[in-house]
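S.K.: Can you keep this structure in mind? I'll have questions shortly.
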Amino acid sequence: MRVRAKADRPTAAQQTSIGGTLIKTNIGERVGGERLVLGILVALGSRRFGTGIWVTFQDDAGTGVTAPLALYDVVDPRPSVYWEFRENGDTATFWPRTFYQDHFFEDAAEGETQQRRQLSEVRQLLATEHGE
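Under our numbering, the residues of the sequence shown are numbered 107 to 238, in order.
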């Protein structure tokens, strides 16, 4: 799955509609930029994610980022065969198995860690799957 940014931040109406504590985070996305989606998170009344669909990708710095799908147009709708579905209370995810490790994204954000290397490996695996 690939997406193209149509906005760099949610509108006030989207912030209200989606809610959650992360909705006001500016991810610094470049309008028109494309991202390979590494996973999808669906939230329903989550304190952190509100209610909506979020996409996970690796940013230009190599960090895992989860952003509202409302900021993007889907340009390639094909899901990955590597995604696994898991439900956890107010969220459901379609992620590669690697992402389900405890504190995976927090550890991947810490620089040159095993989790950062794994994030890059997952991105490469999914890029190959999509013919990149």
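The beta carbon of each residue, even a glycine, is placed where N, CA and C say it ideally should be.
(1) List the whole-angstrom C-beta distance separating Val161 from Val109, where the pair is believed to meet the contact cut-off of C-beta under 8 Å.
(2) Mark Ile129 as exposed unless 16 or more other C-beta atoms lie within 10 angstroms of its C-beta, in which case mark it buried.
(3) Which residues in the same chain as Phe205 place their Cβ atom closer than 7 Å to its Cβ, once the five residues preceding and following it in sequence are excluded?
(4) Report yes if the C-beta distance between Val171 and Glu140 is below 8 Å; otherwise report no.
(5) What separation, rounded to the nearest whole angstrom, lies between the Cα atoms of Thr127 and Ser152?
(6) For a minimum of 4 consecutive residues, which ranges assigned as the alpha helix (DSSP H) are wholly contained in the segment 112-141?
(7) Cutting at 7 Å between CB atoms, please list the residues of its own chain near Trp189, excluding the five before and the five after it.
(8) Among Phe155, Leu142, Gly138, which one has its Cα closest to the Cα of Gln121?
(9) Do Phe163 and Val143 come within 8 Å of each other at the CB atom, strictly closer than that value?
(10) Less than 8 Å between the C-beta atoms of Ala254 and Leu175, yes or no?
(11) According to the Cβ coordinates, are Thr157 and Gly125 closer than 8 Å?
(12) Exposed or buried, Leu225, counting other C-beta atoms within 10 Å across all chains shown (16 or more means buried)?
(13) Can you find the residues in the same chain that come closer than 8 Å, C-beta to C-beta, to Arg184, ignoring five residues on each side of it along the sequence?
(14) Go ahead and pull the three-state DSSP assignment for Val171.
M.R.: The answer reads as follows:
(1) Position 55 of the sequence shown, counting from 1, holds the residue named residue 161. Position 3 of the sequence shown, counting from 1, holds the residue named residue 109. About 6 Å; that satisfies the 8 Å criterion.
(2) One-based indexing of the sequence shown puts residue 129 at position 23. Answer is buried; the Cβ neighbour count reaches 16.
(3) Here residue 205 is taken as the residue at index 99 of the sequence shown, counted from 1. Excluding sequence neighbours, Phe205 sits near Gly145.
(4) Within the sequence shown, residue 171 is the residue found at index 65, counting from 1. Within the sequence shown, residue 140 is the residue found at index 34, counting from 1. Cβ atoms of Val171 and Glu140: not closer than 8 Å.
(5) Counting from 1 along the sequence shown, the entry for residue 127 is found at position 21. Counting from 1 along the sequence shown, the entry for residue 152 is found at position 46. Those two C-alpha atoms are separated by around 9 Å.
(6) 118-124
(7) For this step, residue 189 is matched to residue 83 along the sequence shown. Excluding positions up to five away in sequence, the list reads Gly145, Phe200, Trp201, Pro202.
(8) Position 15 of the sequence shown, counted from the first residue, corresponds to residue 121. Considering only alpha carbons, the answer is Phe155.
(9) Here residue 143 refers to the residue found at position 37 of the sequence shown. Here residue 163 refers to the residue found at position 57 of the sequence shown. Contact flag set, yes.
(10) Because the chain is modelled from 107 through 238, residue 254 falls outside the range shown and cannot be assessed.
(11) Looking up residue 157 in the sequence shown gives position 51. Looking up residue 125 in the sequence shown gives position 19. In this structure, Gly125 lies closer than 8 Å to Thr157 by Cβ.
(12) As a working mapping, residue 225 is identified with position 119 in the sequence shown. Counting Cβ neighbours within 10 Å, Leu225 comes out buried, since at least 16 surround it.
(13) As a first step, residue 184 must be located in the sequence shown, where it is residue number 78. Hits under 8 Å: Met107, His236.
(14) Position 65 of the sequence shown, counting from 1, holds the residue named residue 171. Correct three-state label for Val171: strand.
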